[in-house]
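Asks: In our numbering, the protein residues as written are -8 to 324. Positions of the beta carbon are idealized from the N, C-alpha and C atoms, including for glycine.
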Ligand code: HEM
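1. Can you name the residues that DSSP bridges to residue 105?
2. Is residue 33 near the ligand HEM, going by C-beta to nearest heavy atom under 8 Å?
3. Please identify the residue among 136, 164, 162 whose C-alpha is closest to the C-alpha of residue 151.
4. Hey, quick one: how far does the alpha helix (DSSP H) through residue 7 stretch, first residue to last?
5. So is residue 163 in contact with chain D if we call contact Cβ pairs under 9 Å?
6. Are there 16 or more other CB atoms within 10 angstroms of the CB of residue 1, so buried, or fewer, so exposed?
7. How is residue 112 classed by DSSP in three states: helix, strand or coil?
8. Please find out if some non-hydrogen atom of the ligand HEM comes closer than 8 Å to the beta-carbon of residue 28.
9. From residue 146 to residue 132, what does the alpha carbon distance come to, in whole angstroms?
10. In terms of DSSP beta bridges, what is residue 135 paired with?
11. Taking just the CA atoms, how far does residue 84 sit from residue 40?
12. For the beta strand (DSSP E) holding residue 37, just list the boundary residues, first then last.
13. Sorry if obvious, but does the Cβ on residue 161 come closer than 8 Å to a heavy atom of the ligand HEM?
14. So for residue 70, helix, strand or coil by DSSP?
15. Starting from the Cα of residue 27, find the closest Cα among 206, 201, 15, 38 and give me that residue.
16. Does the count of Cβ pairs from the segment 31 to 38 and the segment 1 to 13 closer than 8 Å reach three?
17. In this structure, what does DSSP give as the bridge partners for residue 183?
18. In whole angstroms, what is the alpha-carbon distance linking residue 200 and residue 261?
19. Between residue 218 and residue 128, is the Cβ-Cβ spacing less than 9 Å?
20. Could you compute how far the alpha carbon of residue 106 sits from the alpha carbon of residue 50?
21. Across which residues does DSSP place residue 267 in a beta bridge pair?
22. Tell me the residue span of the alpha helix (DSSP H) that contains residue 218.
23. Verify whether the separation of the beta carbon atoms of residue 124 and residue 306 is less than 9 Å.
24. Starting from residue 146, trace the alpha helix (DSSP H) in both directions and tell me its first and last residue.
25. Is residue 117 helix, strand or coil by DSSP?
26. Between the segment 218 to 237 and the segment 273 to 282, can you find at least three pairs of beta-carbon atoms closer than 8 Å?
27. So does residue 292 have its beta carbon nearer than 8 Å to some heavy atom of the ligand HEM?
28. May I ask you to report which of helix, strand or coil DSSP gives residue 324?
29. In chain order, what residues of the same chain have a beta carbon less than 6 Å from the beta carbon of residue 186, not counting five sequence neighbours either side?
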């Protein structure tokens, strides 16, 4: 097996079409605005600058990573599934670089000059195989579909059945899913975020992205909107930096492309810092909050040099597009 090599099992297109179908009911359709089925609650949309280092190791000057390159960017911080910041959850960091020249694999509804990176505050994803993802989808999505769509006895029954089946039949999977979404946080600016899934970095090199927040640590959230409050309180005082880089695959078996439950760094892969993401001192505005709802982030909104790899990313290409179309349709009506 080569570095960066993908394995596509027969029947993948049908499997992904089924995932799209089962994810659609998780989009929130109650109220005026369609909301994301996952990561619906945002803490803020922050303006930033992405500054590539002047000196890069040999072979790493690929795509957007050109020595000294600078990009304006937007960063959306979110909860994975919870509305109350005191609860254990995963936190998301979605980065959109602006005015990036070059064709994108799949422009995400913007001006075609954007490059997205989507990260969470945990190094691994929780499903190892396509079958495991299908099981998670089957049993856990009825629980997610309860939010934002009204509750009926039939929906409650489906959600309870799903929770029981997941625990009974897929113990490892439900343990990993609980760890993935099982942390308390006091500020998103001090967290370390990971792509969990791999991406190309030029030809034949696979990497995972990692962003290390250098903001102050804060005690865990003590009220439902504490993360938003902390974000804007800190950015109102001073700039905050994230160190951005890649964890590099050096062994295709120890650092698999198709199984995102494996933590590459724990299995000997090195982290290489390539850029600083600086969030200048700033304040929130109603416009930023509105854009956080309507923007689209998509792993495939990307230069070919950073092509997403692995089943989960291939599935996200279809799921995110379909979900975003649905929520935008709702918002227009
Ligand atoms: C097949 C697996 C996955 C599915 C089905 C899925 C599904 C979704 C959906 C439906 C959305 C909302 C999209 C929209 O309406 O625009 C979303 C957003 C998001 N997902 Fe995933 N996801 C998957 C894997 C992952 C992975 C591996 C990560 C790890 C980084 C991740 C992190 C995020 C984040 C941070 C957001 C919020 C992006 C934003 O701020 O707009 N997801 N996901």
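Replies: With the given structure in hand:
1. For the purposes of this step, residue 105 is taken as the residue at position 114 of the chain shown. According to DSSP, residue 105 bridges with nothing at all.
2. Taking the first residue of the chain shown as 1, we reach residue 33 at position 42. Yes, the beta carbon of residue 33 sits closer than 8 Å to at least one heavy atom of the ligand HEM.
3. Reading the chain shown from its first residue, position 160 is the one you call residue 151. Relative to the Cα of residue 151, the nearest Cα in the group 136, 164, 162 belongs to 136.
4. Here residue 7 corresponds to residue number 16 of the chain shown, with the count starting at 1. Looking at the DSSP string, the run of the alpha helix (DSSP H) that includes residue 7 is 3 to 14.
5. In the structure shown, chain D cannot be found, because there is only a single protein chain.
6. The sequence position of residue 1 within the chain shown is 10, counting from 1. When all chains shown are included, residue 1 counts as exposed.
7. Within the chain shown, the letter at position 121 stands for residue 112. In this structure, residue 112 counts as coil in the three-state DSSP scheme.
8. Start at 1 with the first residue of the chain shown, and residue 28 comes out as number 37. Indeed, a heavy atom of the ligand HEM lies less than 8 Å from the Cβ.
9. Looking up residue 146 in the chain shown gives position 155. Looking up residue 132 in the chain shown gives position 141. About 11 Å.
10. By one-based count along the chain shown, residue 135 stands at place 144. According to DSSP, residue 135 bridges with nothing at all.
11. Counting from 1 along the chain shown, the entry for residue 40 is found at position 49. Counting from 1 along the chain shown, the entry for residue 84 is found at position 93. One C-alpha to the other measures close to 15 Å.
12. Translated into the one-based positions of the chain shown, residue 37 becomes position 46. Its beta strand (DSSP E) spans residues 33 to 43.
13. Position 170 of the chain shown, counted from the first residue, corresponds to residue 161. No, the Cβ of residue 161 stays beyond 8 Å of every heavy atom of the ligand HEM.
14. Here residue 70 corresponds to residue number 79 of the chain shown, with the count starting at 1. Three-state result, residue 70: strand.
15. As a position in the chain shown, residue 27 is number 36, starting the count at 1. Cα-wise, what sits closest to residue 27 is 15.
16. no
17. For this step, residue 183 is matched to residue 192 along the chain shown. DSSP output for residue 183 lists 203 as bridge partner(s).
18. Within the chain shown, numbered from 1, the residue matching residue 200 stands at position 209. Within the chain shown, numbered from 1, the residue matching residue 261 stands at position 270. For residue 200 and residue 261, the distance between alpha carbons rounds to 12 Å.
19. Taking the first residue of the chain shown as position 1, residue 218 is located at position 227. Taking the first residue of the chain shown as position 1, residue 128 is located at position 137. In this structure, residue 128 does not lie closer than 9 Å to residue 218 by Cβ.
20. Taking the chain shown and counting its residues from 1, one reaches residue 106 at position 115. Taking the chain shown and counting its residues from 1, one reaches residue 50 at position 59. So the two alpha carbons sit approximately 20 Å from each other.
21. Counting from 1 along the chain shown, the entry for residue 267 is found at position 276. According to DSSP, residue 267 shares a beta bridge with 42, 234.
22. Residue 218 sits at position 227 when you count from the first residue of the chain shown. Run containing residue 218: 217 to 228, per the alpha helix (DSSP H) assignment.
23. Working through the chain shown from its first residue, we reach residue 124 at position 133. Working through the chain shown from its first residue, we reach residue 306 at position 315. Yes, the Cβ-Cβ distance between residue 124 and residue 306 is below 9 Å.
24. To locate residue 146, count along the chain shown from 1; it is residue 155. Note, residue 146: alpha helix (DSSP H), 144 to 160.
25. For the purposes of this step, residue 117 is identified with residue 126 of the chain shown, where counting begins at 1. Coil.
26. yes
27. Stepping through the chain shown from its first residue, residue 292 is reached at position 301. No, Cβ of residue 292 sits at least 8 Å from all heavy atoms of the ligand HEM.
28. The sequence position of residue 324 within the chain shown is 333, counting from 1. Confidence at residue 324 is low in this model, with a pLDDT of 41, below 50, so its placement is unreliable and the value that follows should be read with caution. It is coil, neither helix nor strand.
29. For the purposes of this step, residue 186 is taken as residue 195 along the chain shown, with counting starting at 1. Excluding positions up to five away in sequence, the list reads 110, 199, 200.
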